[in-house]
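Novice: Heads up: the sequence shown runs through residues 2 to 187, numbered per the working numbering.
Backbone N, C-alpha and C define an ideal beta-carbon position, used for all residues, glycine too.
Being a predicted model, the structure only gives us computed values, none of them experimental.
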Amino acid sequence: MSPAIGFRVWRIDEMLTGPRLASPHRYAAWLPGLPLKAECNDEWGAPALANPHRKQPGVAPPLEGCTCGIYAYHEADNMVEALTSRLVGGAVLAWGRITIHQEGFRAEFARPLALCYQQMLSAGSTAIPLARLAGVYRLPVIDASHIGVFAAEFGESYLPAVEPSDDWTARLGTSVRRVFGSWLRG
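#1: Answer with buried or exposed for Arg107, where buried requires no fewer than 16 other C-beta atoms within 10 angstroms of its C-beta.
#2: Just to confirm, are Gly156 and Ala61 a CB contact at a threshold of 7 Å?
#3: Between Gly90 and Cys117, which are expected to be in contact by the criterion C-beta below 8 Å, what is the C-beta distance as a whole number of angstroms?
#4: Just how far apart, CA to CA, sit His102 and Gly59?
#5: So is Gly97 in contact with chain B if we call contact Cβ pairs under 7 Å?
#6: For the putative contact between Ala111 and Ala152, defined by C-beta atoms under 8 Å, what is the C-beta separation to the nearest angstrom?
#7: Please go through the same chain and pick out, in chain order, the residues whose beta-carbon is closer than 8 Å to the beta-carbon of Gly34, but skip the five residues on each side of it.
#8: At which residue ranges does the segment 68 to 92 contain complete alpha helix (DSSP H) runs of 4 or more residues, listed in the order of the chain?
#9: So is Arg87 buried or exposed if we call it buried at 16+ other beta carbons inside 10 Å?
#10: Go through its chain and collect everything with a Cβ distance to Met2's Cβ below 7 Å, but skip five positions before and after it.
#11: Who are the near neighbours of Ile13 in its chain, counting only those whose CB is closer than 6 Å to its CB and skipping five residues on each side?
#12: Which stretch, first to last residue, makes up the alpha helix (DSSP H) that contains Gly149?
#13: Am I right that Leu37 and Ala29 are in contact with their C-beta atoms under 8 Å? What's the rounded C-beta distance?
#14: In the structure shown, what three-state DSSP assignment does Gly136 receive?
#15: Between which two residues does the beta strand (DSSP E) harbouring Pro20 extend?
#16: Take Met80 as the anchor and find which of Ile148, Glu40, Tyr159, Pro161 has the nearest alpha-carbon.
#17: Quick check on Leu94: buried or exposed, where buried means 16 or more other Cβ atoms within 10 Å of its Cβ?
#18: For Pro141 and Leu114, what's the separation of their Cα atoms in angstroms?
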């Protein structure tokens, strides 16, 4: 499997050594220049008895049935919708063990590729920290509308294929269009 590209949000964690990208939901700081490795720790909220890694020691995260792994969306639009004045967005390159889901994936390893801004948020509270983060991580800052094209240069999207609908109304609509189309032509 080739490296996957994804899109995610981070909170900005102000540390003594400068700003750091951090998970918005768990304590996991992304260190500049180093990939983040997923871990499955009980202190992150997974009850010890429900933790699948206890039953399969030595299996790298992420594992089906567990919440571990480095999360990312398949599409930049989902990331943009999750942006707030307290979160920054960006593209990541992920590899290792990957579990693919409908809206995104969870990966064993990931590193940021670029940070992004939205025009309406660029003047907000994330504008100055975003510039500082870009310097600390040596990452480009790209308009959110172009980050997908940029990320595609580094890996593949593993967006699941849309399956045909089992909805009878969709089949009915197709049949009606076919009948009326031949009637109008005929």
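Specialist: On the basis of the coordinates in this document:
#1: Sequence index remark: in the sequence shown, residue 107 carries index 106 (1-based). Buried: at least 16 other Cβ atoms inside 10 Å.
#2: Along the sequence shown, read from residue 1 onward, the residue named residue 156 stands at position 155. Along the sequence shown, read from residue 1 onward, the residue named residue 61 stands at position 60. Their beta carbons are not under 7 Å apart, which means Gly156 does not touch Ala61 by this criterion.
#3: Working through the sequence shown from its first residue, we reach residue 90 at position 89. Working through the sequence shown from its first residue, we reach residue 117 at position 116. Contact holds; Cβ gap of about 5 Å.
#4: By one-based count along the sequence shown, residue 102 stands at place 101. By one-based count along the sequence shown, residue 59 stands at place 58. So the alpha carbons of these two residues sit roughly 23 Å apart.
#5: Checking the listed chains, one finds no chain B in this structure; it contains a single protein chain.
#6: For the purposes of this step, residue 111 is taken as residue 110 along the sequence shown, with counting starting at 1. For the purposes of this step, residue 152 is taken as residue 151 along the sequence shown, with counting starting at 1. At roughly 12 Å, the Cβ-Cβ gap does not stay under 8 Å, so Ala111 and Ala152 are not in contact.
#7: Against the sequence shown, residue 34 aligns to sequence position 33. These residues qualify, in order along the chain: Tyr138, Arg139.
#8: 77 to 83
#9: For the purposes of this step, residue 87 is taken as the residue at position 86 of the sequence shown. With fewer than 16 other Cβ atoms within 10 Å, it is exposed.
#10: Counted from its first residue, the sequence shown places residue 2 at position 1. Excluding sequence neighbours, Met2 sits near Ile99.
#11: By one-based count along the sequence shown, residue 13 stands at place 12. So the qualifying residues of the chain are Pro20, Pro130.
#12: The residue labelled residue 149 in the question sits at position 148 within the sequence shown. Element bounds for Gly149: 148 to 152.
#13: By one-based count along the sequence shown, residue 37 stands at place 36. By one-based count along the sequence shown, residue 29 stands at place 28. Between Ala29 and Leu37 the Cβ distance is about 7 Å, and since that is below 8 Å, they are a contact.
#14: To locate residue 136, count along the sequence shown from 1; it is residue 135. If DSSP states are grouped into helix, strand and coil, Gly136 belongs with the helices.
#15: Taking the sequence shown and counting its residues from 1, the one referred to as residue 20 is at position 19. Start and end: 19 to 23.
#16: Here residue 80 is taken as the residue at index 79 of the sequence shown, counted from 1. When each option's Cα is compared against that of Met80, the closest is Ile148.
#17: Residue 94 sits at position 93 when you count from the first residue of the sequence shown. So Leu94 counts as buried.
#18: Locating residue 141 in the sequence shown gives position 140, counting from the first residue. Locating residue 114 in the sequence shown gives position 113, counting from the first residue. Rounded to whole angstroms, Pro141 to Leu114 spans 8 Å at the Cα level.
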